[in-house]
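Chains as they are written, first to last, in this note's numbering: chain U, 1 to 362; chain Z, 1001 to 1362; chain H, 2001 to 2362; chain L, 3001 to 3362. From the three backbone atoms N, C-alpha and C, an ideal C-beta is built for every residue, glycine too. For reference, the structure discussed in these notes is given below.
4 protein chains.
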Amino acid sequence: MADKPLNIAIIGQGFMGRAHSNAYRQVKHFFDVPLEPRLKVICGRNPENLARIAATWGWEETSTDWRAVVERPDIDVVDVAAPNSLHAEMALAAAMAGKIVLCEKPLAVSVEEGERMAEAVRGAPNMVWFNYRRAPAIAFTRRLVEEGRIGQVFHYRATYLQEWGNDPTRPPGWKLRRSEAGSGVLGDLLSHLIDTALYLNGPIREVSAMMHTFAAGRDVDDATLLLARFANGSVGTFEATRYAVGCRNRNAFEIHGSRGMARFNLEDLNRLEFFDAGDARNLQGGRNLLVTGPDHPYATNFWKPGHIIGYEHTFIAALGDFLGCLSSGAGFHPDFDDALGVQRVLAAVERSASERRWCTVE
Amino acid sequence: MADKPLNIAIIGQGFMGRAHSNAYRQVKHFFDVPLEPRLKVICGRNPENLARIAATWGWEETSTDWRAVVERPDIDVVDVAAPNSLHAEMALAAAMAGKIVLCEKPLAVSVEEGERMAEAVRGAPNMVWFNYRRAPAIAFTRRLVEEGRIGQVFHYRATYLQEWGNDPTRPPGWKLRRSEAGSGVLGDLLSHLIDTALYLNGPIREVSAMMHTFAAGRDVDDATLLLARFANGSVGTFEATRYAVGCRNRNAFEIHGSRGMARFNLEDLNRLEFFDAGDARNLQGGRNLLVTGPDHPYATNFWKPGHIIGYEHTFIAALGDFLGCLSSGAGFHPDFDDALGVQRVLAAVERSASERRWCTVE
Amino acid sequence: MADKPLNIAIIGQGFMGRAHSNAYRQVKHFFDVPLEPRLKVICGRNPENLARIAATWGWEETSTDWRAVVERPDIDVVDVAAPNSLHAEMALAAAMAGKIVLCEKPLAVSVEEGERMAEAVRGAPNMVWFNYRRAPAIAFTRRLVEEGRIGQVFHYRATYLQEWGNDPTRPPGWKLRRSEAGSGVLGDLLSHLIDTALYLNGPIREVSAMMHTFAAGRDVDDATLLLARFANGSVGTFEATRYAVGCRNRNAFEIHGSRGMARFNLEDLNRLEFFDAGDARNLQGGRNLLVTGPDHPYATNFWKPGHIIGYEHTFIAALGDFLGCLSSGAGFHPDFDDALGVQRVLAAVERSASERRWCTVE
Amino acid sequence: MADKPLNIAIIGQGFMGRAHSNAYRQVKHFFDVPLEPRLKVICGRNPENLARIAATWGWEETSTDWRAVVERPDIDVVDVAAPNSLHAEMALAAAMAGKIVLCEKPLAVSVEEGERMAEAVRGAPNMVWFNYRRAPAIAFTRRLVEEGRIGQVFHYRATYLQEWGNDPTRPPGWKLRRSEAGSGVLGDLLSHLIDTALYLNGPIREVSAMMHTFAAGRDVDDATLLLARFANGSVGTFEATRYAVGCRNRNAFEIHGSRGMARFNLEDLNRLEFFDAGDARNLQGGRNLLVTGPDHPYATNFWKPGHIIGYEHTFIAALGDFLGCLSSGAGFHPDFDDALGVQRVLAAVERSASERRWCTVE
């Protein structure tokens, strides 16, 4: 029986437009789902660029009028990959039009926006592209947590370290303008850290944060740092920055519990360091796991054990799981509600940084 | 102007069939070449499996009669990805039929076969899938060598360490049968090491080798080790094995020269360790390069700096370069002649292991 | 000419008593100073243990009456290595008796104590055993900072991770009692981090901190975490804990500036990772420096390049430098004033944790 | 009861003279043995240097006439740390005089010499300074082998990589002259690798080797490489060189067996990577062991877990164990017979390199 087609419209033609396009193209090669994504329309503001990306990735049509596209009856899915400040408007329009809505992170630029968005899609399939949950090593860490192999968590420590903020040769894009990005590293990088933390370690109760801008004249945060208390009694530190010279894309976490430790860095996304406190004392040591199988998440989807995957596969896996849920009717995570949870933490971070005191996540 | 279509027939439906299929599907997304691969026919012996893989990857047709397929006038390219012992017959038939021939490694199971194959394709575009040359870190090492950053080479050291030979639960496949594979790790793993060595360090003059089979009743080599003298005066060691418990897929080299060192391991294929002997003495140290740009090979083809690629991208890049050469008329390497050079070294290795003395590469 | 003898009395027979004894025994083997430490008296509360340690390390006498010893005219140097709560009383008595005073870290259990101690020794040679400043890699980082190789600092990140707090089999010692230790990780571990930070990155202006005790019934902090703003405009995080399961003794820092990065971990104390942002873009990478020479701090004192030193050598080097200063009349650092500076930061940390807001270092 | 004094005479004032002096000074601080080494005489050819080293380390006397010294009735132990070509004559004289003989490695410059030396000391306590057996991580590997945690060994791989051979600024010492050193890296570096291999993996049956000199006019080997077959059925590669630019002192081994893997590098001498093939498949990974306790060799002798030791401690531990055996009457290893075993392998290596064929170890 032929797979059911699923007509996709994407809004956004930047780096995420490319990463999502690749996921649509590749998902069926690695995930056995009875749905067939069709790349119908790609929307954006720059027609020339649009034509080029559409040709490269095989989008059937291009459009500079996303509002018209989300109304089209032949569109099943609207994928919002535009600058952050536009997410709410686009997602709300798509939801209103009855579409399945997929949205890039951060979900929104405020909790209020996020609440309206989550409300709008409630009950319908939806997804937010916190793709790193599908890095096999992160998914595997979640499994370790669930199996009790970390035990009672004491410490959680996360950094997202980039360096391009300090590069004067780099052309300023929308990510450096508050009007479009809503924030700097808060929404861009810290949102990833928080989503992973909530996924692995549960709710955050309160935070004490600072936000800092190094560059003169920039109106977004170059660095955001915080202390956190989790609901499970553990304590944490988070640091997101674009001024960590020496680090290209170091999205990393460490989690220490009564039974073990896990340590991850996206620059080595196929690796997980796992420490088992139950090993004999003289045989204890961080285990350098190559999370490419056997018996690892997504090991049967991609290549063979020892054959590593890349950045793009986290998007493919997220989409593969989403389509699987769509087909089976199961709930997919992270959804808009999950991303709203991230948004609430980000709001507490901003409040704390502004008021220079601990703030509760509300 | 529309890209010129290029009709592909592939013979082989195993792991390489999958990896090549992916490359055909993906190449145009990352390489700007005026040729459009069309996945026409996939050939193999097992019809059920064929149908499944054809459906997954979008091959238009399947066939269990490769001989008929290579004769079809609508086929432009024949890609040989069958067990090693069949390469010669298939490649010769395809060359005879005037096709562009692509062949998996090792090219052949003997020098004599390899010579006939290289002769048959001479003058026509052809390629051998020594895909690791296109790992960005390996291509970058070649550039370092060419720029003189390694200097006069003293030592070359390479290992290809796998562990599955020792796994009794693993079903024996064609790779463990001499009749189909021609050899064990010699053709499977050592061929990769030798191709990389010839690419980076030039011709090998002579070898002293040993081949060993650990498993009772197995008629192929589980491990092959050798010492080598290169034409440039450097000396080397090579070790390929399926009994290196603890190593999933450690394809690694180290090269020491008068001006620097480079060190690589495929399990971290986005990394290269580079040591510059010209640095101030107290600032000398292996540099941990994340070879994802800027200014690295293939950095503009795939993602952004700091966003890693996976195993499959080495195939995509090999194909991308091949199509670029096909389009421009430039010569592509590694071709059948290059692979024949590898074969000559493998033959000297076998001879040396058998005669227990140093043997010249002829 | 014979070296001038220097008669030492030490108060303390624990782990530090041993580490200091070793330093006195070894210093002349590696440092060419015209002073000869003589191990005169070791003081402590447990006579049996005292006799044993005196015999092992060659202390001429033992005493359970430190007050009498510090008054002895034949004693030149009093080395305070007793539990933290006793430092002030002992150091003050020794200073009053006109001795050269050496004191273990943390200097005191309060700023008020520290101020009195610093006042008491002002003008006389004195030293605090923040021994890690003499880890060659840390001393070398300081040199890199001074030479401008890090540039304008953006981020400073430090952790001191131990795991024994969570070990129920471990006998509780004085370090777990507020009455003797004054605090938990604050004085024990964080003090080291702060001293190193002040040494490498200058004064801290303000902090936002939390202190946490995981173990029921314990009256000292098991973990202390903080955010910091430095006077030079950089921002930092600090984390000290005894609940970092998986980490034996991970005293680590990372510093990112406009021109480079440095990264260190005491568990690999002979290593420093250094990133030079001035390298060609495609050759940038953390350099794995083995800080054993040539041209590294203390390289000519100990062994040959590539021959690593251990934990104890940081004490030997501190003592060697101190004796050199004593002999030449140069000022030694860290002295009581430097350690008082650490104390002021620790006090701000405690205040901030208690008041749940940012506090200025006063 | 007072410890029994043991009067030491050492012949040699170079780097080993210093390392041994340190061991004599330190051994009683870390090892509880009822013997007290007394540093009586240090012998050498250069009186000025002798006086300086004697003053630094506290040797009571100096002498330029080692023959007279080994005859002195007040000397109990003669420690031979002179250039290799003198070992035989000195050790034989000392043995003849009834002394306890300790000898630096390599034992001799020929098997014939070694046989006479081993014969001369047979029945009396003796020791060869293959100090690396006492690196805690190497001693622990031996324990892992004995406990069956490595299982049936398949592969052994060892390298000793130094780079100073290529440094034209370095003054040529006796190590670069065949007349004094007997050989180049063969005796200097390969001997260490072979001793460790025999200790961990048992006898070597046959070898195929090459020796190479890169520097014009040098009469010793700059690099020696070999393949080996062990008596236990495993196969191995060895490589010792002074031309491995980028490596200060990389004395490393890897051992793969049916049940696990161990990997070591002297530049990180407190670390051992251990892979347990018995772990669940998805939790298998090289464990990064910090071999500083608990339950590791020498953990109770030196510092606390997490507090690393340095190069010199391998000498202290060797001496500590030797004195323990001397006191208890137990046999110590490695002794002259063990070192003769190494010599037999080195001889086979030289023969094989010369005859360009496999040679049996005789």
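Decide if residue i is buried, meaning its Cβ has at least 16 other Cβ atoms within 10 Å, or exposed.
i                      : result
residue 3183 (chain L) : buried
residue 329 (chain U)  : exposed
residue 91 (chain U)   : buried
residue 2956 (chain L) : Nothing in the structure corresponds to residue 2956 (chain L), since chain L is present only between 3001 and 3362.
residue 3253 (chain L) : buried
residue 2136 (chain H) : buried
residue 1191 (chain Z) : buried
residue 1106 (chain Z) : buried
residue 1188 (chain Z) : buried
residue 68 (chain U)   : exposed
residue 3076 (chain L) : buried
residue 337 (chain U)  : buried
residue 2015 (chain H) : exposed
Residue i and residue j look like a contact to me (Cβ under 8 Å); what is the Cβ gap, rounded to whole Å?
i                      : j                      : result
residue 2240 (chain H) : residue 2160 (chain H) : 4 Å
residue 22 (chain U)   : residue 1029 (chain Z) : 6 Å
residue 127 (chain U)  : residue 275 (chain U)  : Going by Cβ atoms, the distance from residue 127 (chain U) to residue 275 (chain U) rounds to 33 Å, so no, they are not a contact pair.
residue 176 (chain U)  : residue 220 (chain U)  : 6 Å
residue 1199 (chain Z) : residue 1133 (chain Z) : 6 Å
residue 1005 (chain Z) : residue 1036 (chain Z) : 5 Å
residue 384 (chain U)  : residue 117 (chain U)  : Outside the shown range of chain U, which is 1 to 362, sits residue 384 (chain U), and nothing can be said about it.
residue 1193 (chain Z) : residue 1158 (chain Z) : 4 Å
residue 2009 (chain H) : residue 2111 (chain H) : Incorrect: roughly 27 Å between the Cβ atoms, too far for contact.
residue 1308 (chain Z) : residue 1270 (chain Z) : 4 Å
Going by alpha carbons, who is nearest to residue i out of the options?
i                      : options                           : result
residue 296 (chain U)  : U:173, U:143, U:284 and U:286     : U:143
residue 45 (chain U)   : U:111, U:26 and U:86              : U:86
residue 243 (chain U)  : H:2250, H:2258, H:2237 and H:2339 : H:2258
residue 3095 (chain L) : L:3082, L:3112, L:3285 and L:3070 : L:3070
residue 114 (chain U)  : U:335, U:360 and U:203            : U:335
residue 1277 (chain Z) : H:2289, H:2093 and H:2156         : H:2289
residue 1122 (chain Z) : Z:1340, Z:1348 and Z:1360         : Z:1340
residue 1264 (chain Z) : Z:1217, Z:1206 and Z:1196         : Z:1196
Taking Cβ positions only, does residue i come closer than 7 Å to chain H?
i                      : result
residue 3305 (chain L) : yes
residue 3283 (chain L) : no
residue 210 (chain U)  : yes
Comparing the C-beta of residue i with each C-beta of chain Z, is any distance below 7 Å?
i                      : result
residue 2286 (chain H) : yes
residue 372 (chain U)  : What is shown of chain U runs 1 to 362, which leaves residue 372 (chain U) out entirely.
residue 372 (chain U)  : Absent from the model: residue 372 (chain U). The displayed extent of chain U is 1 to 362, so no value can be given.
Under 7 Å between C-beta atoms, does residue i make it to chain U?
i                      : result
residue 2128 (chain H) : no
residue 2358 (chain H) : yes
residue 3295 (chain L) : yes
Does any residue of chain L have a CB that is nearer than 7 Å to the CB of residue i?
i                      : result
residue 2310 (chain H) : yes
residue 289 (chain U)  : yes
Item to check | Where the region 3006-3024 of chain L meets chain H: residues whose CB sits under 7 Å from a CB there | outcome: 3015 and 3022
Item to check | Short-range partners of chain H found in the region 3024-3037 of chain L, where Cβ spacing is below 9 Å | outcome: 3025, 3026, 3028, 3029, 3030 and 3032
Item to check | Within 7 Å of chain H by C-beta, residues of the region 231-243 of chain U in sequence order | outcome: From the region 231-243 of chain U, only 235, 237, 239, 241 and 243 have a Cβ closer than 7 Å to chain H.
Next on the checklist: Counting only Cβ-Cβ distances shorter than 8 Å, please list the residues of the region 3042-3063 of chain L near chain H, keeping chain order.
Outcome noted: 3056 and 3057
Item to check | Residues of the region 171-188 of chain U with Cβ closer than 9 Å to any Cβ of chain Z, in chain order | outcome: none
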